[in-house]
Ligand code: PNS
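In the working numbering, the protein residues as written are 484 to 670.
Right under this line is the structure:
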């Protein structure tokens, strides 16, 4: 029997409980689900791609058919590269529909054999978005219950004025070694 591989592409800056809800649902219906973080989506993301991947790996560790990867370029090309026949996206409310439909139809035009599958996260997450989470956290509001604790902790670390490189923790609460940029060599 053919194994159905799906990709779940997105920015995940940061991952929210809505994303995790969808990953759980997706893990139940696909043989393999690849959570694919788009690189270079935004010029100034809050979390680096490595930080987002580290968090998503920790948060999806309990599913043995889910893995995390990063990609750039066209989503349809990435899907072909990993042998995915499905593309998973979440639809929260009617407002998502127009954009998602446009994207799904464009992806279908580019690669007809890739099927977009829409799933709805639990309705308690229907108003939740990474953009709003970033905004609320940046303005000092609580994002408890909207993002996993690991993300909440790292948001606090990131937005604390005393934040230093290396304050980012992984799923085990271990500090991730500072990703200091290499000192430029004098030419
Ligand atoms: O989490 P997001 O930001 O809503 O995810 C959007 C994403 C990454 C799925 C979309 O921007 C995308 O697929 N970008 C890759 C470039 C691409 O394939 N563009 C054409 C899509 S129709």
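We put the beta carbon where it would ideally sit given N, CA and C, even for glycine. Because the structure is a prediction, the values reported are computed rather than measured.
Next item on the list: Please report the Cβ distance between residue 598 and residue 625, rounded to the nearest whole angstrom; I am assuming they are in contact, meaning their Cβ atoms lie under 8 Å.
Entry: Not quite, the Cβ-Cβ distance comes to about 39 Å (not below 8 Å), so this is no contact.
Notebook entry, point to check: What do you reckon, is the C-beta of residue 558 under 6 Å from a heavy atom of the ligand PNS?
Noted result: yes
Next item on the list: Would you list, in sequence order, the uninterrupted beta strand (DSSP E) runs of no fewer than 3 residues that lie entirely inside the segment 496-552?
Entry: Runs of the beta strand (DSSP E) lying entirely within the segment 496-552, each at least 3 residues long, are 515-521 in chain order.
Note to self: I'd like the span of the alpha helix (DSSP H) that includes residue 733, first residue to last.
What the structure shows: Here the chain has residues from 484 to 670 only, and residue 733 is not among them.
Margin query: Can you give me the C-alpha to C-alpha distance between residue 609 and residue 504, rounded to a whole angstrom?
Written below: 11 Å
Note to self: Judging by CA-CA distance, which residue of 529, 574 and 562 is the nearest neighbour of residue 675?
What the structure shows: Nothing about residue 675 can be read from this structure; the chain reaches only from 484 to 670.
Note to self: Is the beta carbon of residue 638 closer than 7 Å to that of residue 620?
What the structure shows: yes
Next item on the list: Could you check what DSSP says for residue 494 in three-state terms: helix, strand or coil?
Entry: coil
Next item on the list: Whole angstroms is fine: what's the gap from residue 585's alpha carbon to residue 640's?
Entry: 37 Å
Item checked: Residue range of the alpha helix (DSSP H) that includes residue 609 -> Note, residue 609: premise wrong, no alpha helix (DSSP H); not H, not E.
Next item on the list: Would you check whether the ligand PNS has a heavy atom nearer than 6 Å to the C-beta of residue 544?
Entry: no
Check: Nearest-angstrom Cα distance between residue 576 and residue 600?
Finding: 15 Å
Next item on the list: Would you kindly work out how many angstroms separate the C-alpha atoms of residue 642 and residue 651, rounded to a whole number?
Entry: 11 Å
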